[in-house]
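From first to last, the protein sequence lines are chains C and E. With numbering that gives the first Met the number 0, letter number 117 in the first sequence gets 116, and the count goes up by one each step, no holes. With numbering that gives the first Met the number 0, letter number 56 in the second sequence gets 55, and the count goes up by one each step, no holes. Heads up, the beta-carbon is just placed ideally off N, CA and C, and yes, glycines get one too. Have a look at the structure below, then the notes.
There are 2 protein chains.
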Amino acid sequence: MARWEPGATARLQKAALELFTSQGFEQTTAAEIAQAVGLNRRTFFRHFPDKRDVLFLGQQELEGALVAAVAQAPAGESPMSLIGFAIARVADMFADTPREHARARQTIIDTNAALLERQHHKNANLAQLLRDALRDQGIAEPAATLAAESAVTVFNLAFRQWLATNETRTLSVIAAETLAELRALDVRR
Amino acid sequence: MARWEPGATARLQKAALELFTSQGFEQTTAAEIAQAVGLNRRTFFRHFPDKRDVLFLGQQELEGALVAAVAQAPAGESPMSLIGFAIARVADMFADTPREHARARQTIIDTNAALLERQHHKNANLAQLLRDALRDQGIAEPAATLAAESAVTVFNLAFRQWLATNETRTLSVIAAETLAELRALDVRR
DNA sequence: GTCTATAGTGCGATAGAC
DNA sequence: GTCTATCGCACTATAGAC
Chain C
0 MARWEPGATA
10 RLQKAALELF
20 TSQGFEQTTA
30 AEIAQAVGLN
40 RRTFFRHFPD
50 KRDVLFLGQQ
60 ELEGALVAAV
70 AQAPAGESPM
80 SLIGFAIARV
90 ADMFADTPRE
100 HARARQTIID
110 TNAALLERQH
120 HKNANLAQLL
130 RDALRDQGIA
140 EPAATLAAES
150 AVTVFNLAFR
160 QWLATNETRT
170 LSVIAAETLA
180 ELRALDVRR
Chain E
0 MARWEPGATA
10 RLQKAALELF
20 TSQGFEQTTA
30 AEIAQAVGLN
40 RRTFFRHFPD
50 KRDVLFLGQQ
60 ELEGALVAAV
70 AQAPAGESPM
80 SLIGFAIARV
90 ADMFADTPRE
100 HARARQTIID
110 TNAALLERQH
120 HKNANLAQLL
130 RDALRDQGIA
140 EPAATLAAES
150 AVTVFNLAFR
160 QWLATNETRT
170 LSVIAAETLA
180 ELRALDVRR
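So, in structure tokens, the structure goes:
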């Protein structure tokens, strides 16, 4: 056996998801997760700045895709169109993510305040990056912030719907519909 | 001196704000805050479930006012009108809050990731309560969630603007303007 | 890889308000 | 007497320092 197996980060994530599912987040210590994959407790914290972060990876790819989608959009688009591009792009990234895996992860997060807190924080960061990208496309404040926050809301709502049991539509389709609902908010009723 | 002076919660908050301002959030221990007002470390944790919470009080009043504003609105209003009521009501609550105090508090929060995280979490909870209130007023999903999240975004943006140096308008005025900007998002450009 | 600070918790004792 | 706020001790686990 090699001094260290490759993919330690991924193995730690996998073990963490399993342990959190079976015994709960707070009942699982960082040492336990590390031990499950033959690593030292200290090594766990070398891979993740804190215990919660083990559930929030792939965030960087998401952020990059979001910003790129806005940056590559044709010039002169409206805020709503721009966030439409961004949402569509990110939804596509989840096209081949297994629904069951995402569901298991979200279940753990939803049953723990500290994890929900981290997720809200990640969402807020995402909105901030998107806001900056919108500004770079010439959108002024407060429109840039309002649009960016709306985009994150729309995406999260669509994501929740995508995870719902009996939901068979793709995330892209759901997201597009949710965005349409947002645009209709004002004219409704 | 009596075994306990009244208003321990408020005194702890005041001392915490001062200590956080002078030495930073992480450099200040819970024991230190308690000691500053002649209390035991253990007592601090009786008043606040955790150290961060000492900066987030008055949250319950805010939540109550928000929900009440929506609940008391005339029947048959549009989502946008309803969040207009809610935002106006909450903005009024800040009418006699000293700007300097709010600024000091926000400065501390902005310079610490853990505190920002908590603030984002509180915002998310606020949005959720507002969403439920909108549902009770007959607003269906996904409109209820979209409107609730938008309301929180508008309010926070307005609040940030209110804190800006050289800003002299009241929070109510700024909030109303920001809401108008949200409604104009779609027609823009 | 070890050592330490400190957040946060559980429990029992105590002191005052009523 | 009860009820509630405070205290003090011991404990665990995270997170960071060395």
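- Count the CB pairs spanning the region 124 to 143 of chain E and the region 123 to 130 of chain C that are closer than 8 Å, and state whether there are at least three. Taking a cut-off of 8 Å on C-beta distances, the region 124 to 143 of chain E does not touch the region 123 to 130 of chain C, as fewer than three cross pairs fall below it.
- Task: Give the residues of chain E in contact with C:His119, contact being defined as C-beta atoms less than 8 Å apart.
- Result: To locate residue 119 of chain C, count along the first sequence from 1; it is residue 120. Residues of chain E passing the Cβ test: Glu116, His119, His120, Asn122, Ala123.
- Task: State yes or no: is the C-beta of C:Leu170 within less than 7 Å of the C-beta of C:Phe93?
- Result: The sequence position of residue 170 of chain C within the first sequence is 171, counting from 1. The sequence position of residue 93 of chain C within the first sequence is 94, counting from 1. In contact: C:Leu170 and C:Phe93 (Cβ atoms closer than 7 Å).
- Query: Does the region 95 to 102 of chain E come close enough to the region 91 to 111 of chain C to have 3 or more Cβ pairs within less than 8 Å?
  - Reply: Counting C-beta pairs closer than 8 Å gives fewer than three between the region 95 to 102 of chain E and the region 91 to 111 of chain C, which falls short of the contact rule.
- Task: Note down the Cα distance separating E:Leu38 from E:Glu17, rounded to an integer number of angstroms.
- Result: Here residue 38 of chain E corresponds to residue number 39 of the second sequence, with the count starting at 1. Here residue 17 of chain E corresponds to residue number 18 of the second sequence, with the count starting at 1. One C-alpha to the other measures close to 16 Å.
- Message: Please report the straight-line C-alpha distance between C:Val172 and E:Ala150, rounded to a whole angstrom.
- Response: Indexing the first sequence from 1 puts residue 172 of chain C at position 173. Indexing the second sequence from 1 puts residue 150 of chain E at position 151. Each residue's Cα considered, the two are about 25 Å apart.
- Message: Taking the straight line between their C-alpha atoms, what separation do you get for C:Arg188 and E:Leu114?
- Response: Sequence index remark: in the first sequence, residue 188 of chain C carries index 189 (1-based). Sequence index remark: in the second sequence, residue 114 of chain E carries index 115 (1-based). Residue placement at C:Arg188 cannot be trusted, given a pLDDT of 44 that sits under 50; what the coordinates show is reported in the next sentence. Taking the straight line from one Cα to the other gives about 39 Å.
- Message: Does the distance between the C-beta of C:Arg51 and the nearest non-hydrogen atom of the ligand ZN fall short of 6 Å?
- Response: Absence of the ligand ZN is noted for the structure shown, with no ligands found whatsoever.
- Message: Quick check: what's the CA-CA separation for C:Ala35 versus C:Asp52?
- Response: Taking the first sequence and counting its residues from 1, one reaches residue 35 of chain C at position 36. Taking the first sequence and counting its residues from 1, one reaches residue 52 of chain C at position 53. Answer to the nearest angstrom: the Cα atoms are 18 Å apart.
- Use the C-beta contact count for E:Pro48: other C-beta atoms within 10 angstroms, 16 or more gives buried, fewer gives exposed. Here residue 48 of chain E refers to the residue found at position 49 of the second sequence. Burial call: exposed.
- Message: Pop quiz: C:Ile82 and C:Ala146 are said to be a contact at Cβ under 8 Å. What is the actual Cβ separation, rounded to whole angstroms?
- Response: As a working mapping, residue 82 of chain C is identified with position 83 in the first sequence. As a working mapping, residue 146 of chain C is identified with position 147 in the first sequence. Confirmed, Cβ separation roughly 5 Å.
- Alpha carbon to alpha carbon, how far is E:Ala103 from E:Thr110? Give it in angstroms, no decimals. Here residue 110 of chain E is taken as the residue at index 111 of the second sequence, counted from 1. Here residue 103 of chain E is taken as the residue at index 104 of the second sequence, counted from 1. About 11 Å.
- For chain C, find out if any of its Cβ atoms is closer than 7 Å to the Cβ of E:Glu166; answer yes or no. Your numbering for residue 166 of chain E matches position 167 in the second sequence. No, because no Cβ of chain C sits closer than 7 Å to the Cβ of E:Glu166.
- Query: Residues of chain E with a CB under 9 Å from the CB of C:Leu145: which are they?
  - Reply: For the purposes of this step, residue 145 of chain C is taken as residue 146 along the first sequence, with counting starting at 1. Contact annotation for C:Leu145 against chain E: Ser149, Thr152, Val153, Leu156, Thr177, Glu180, Leu181, Leu184 [CB-CB distance below 9 Å, chain order].
- Query: With distances taken from CA atoms, which of C:Thr8, C:Ala15, C:Arg40, C:Val69 is nearest C:Ile108?
  - Reply: Sequence index remark: in the first sequence, residue 108 of chain C carries index 109 (1-based). Ranking the options by Cα distance to C:Ile108, first place goes to C:Ala15.
- Where C:Leu181 falls: helix, strand or coil (DSSP): Working through the first sequence from its first residue, we reach residue 181 of chain C at position 182. Helix.
- Message: Once DSSP output is grouped into helix, strand and coil, what is the label at C:Glu25?
- Response: Counted from its first residue, the first sequence places residue 25 of chain C at position 26. The answer is coil: DSSP assigns C:Glu25 none of H, G, I, E or B.
- Message: Does E:Arg117 pass the burial test, meaning 16 or more other C-beta atoms within 10 Å, or should it be called exposed?
- Response: In the second sequence, counting from the first residue as 1, residue 117 of chain E sits at position 118. Classification for E:Arg117: buried.
- Assuming E:Phe43 contacts E:Val89 (C-beta within less than 8 Å), just tell me the rounded distance between them. Numbered from 1 along the second sequence, position 44 holds the residue referred to as residue 43 of chain E. Numbered from 1 along the second sequence, position 90 holds the residue referred to as residue 89 of chain E. Beta-carbon to beta-carbon, E:Phe43 and E:Val89 are separated by about 29 Å, too far to satisfy the 8 Å threshold.
- Task: For E:Met79, return the contacting residues in chain C, with the cut-off set at a CB-CB distance below 7 Å.
- Result: As a working mapping, residue 79 of chain E is identified with position 80 in the second sequence. Those within 7 Å of E:Met79 in chain C are Leu184, Asp185.
- Query: If we count the other Cβ atoms within 10 Å of its Cβ and call it buried at 16 or more, is E:Glu60 buried or exposed?
  - Reply: Along the second sequence, read from residue 1 onward, the residue named residue 60 of chain E stands at position 61. By the neighbour-count rule (16 or more Cβ atoms within 10 Å), E:Glu60 is not buried but exposed.
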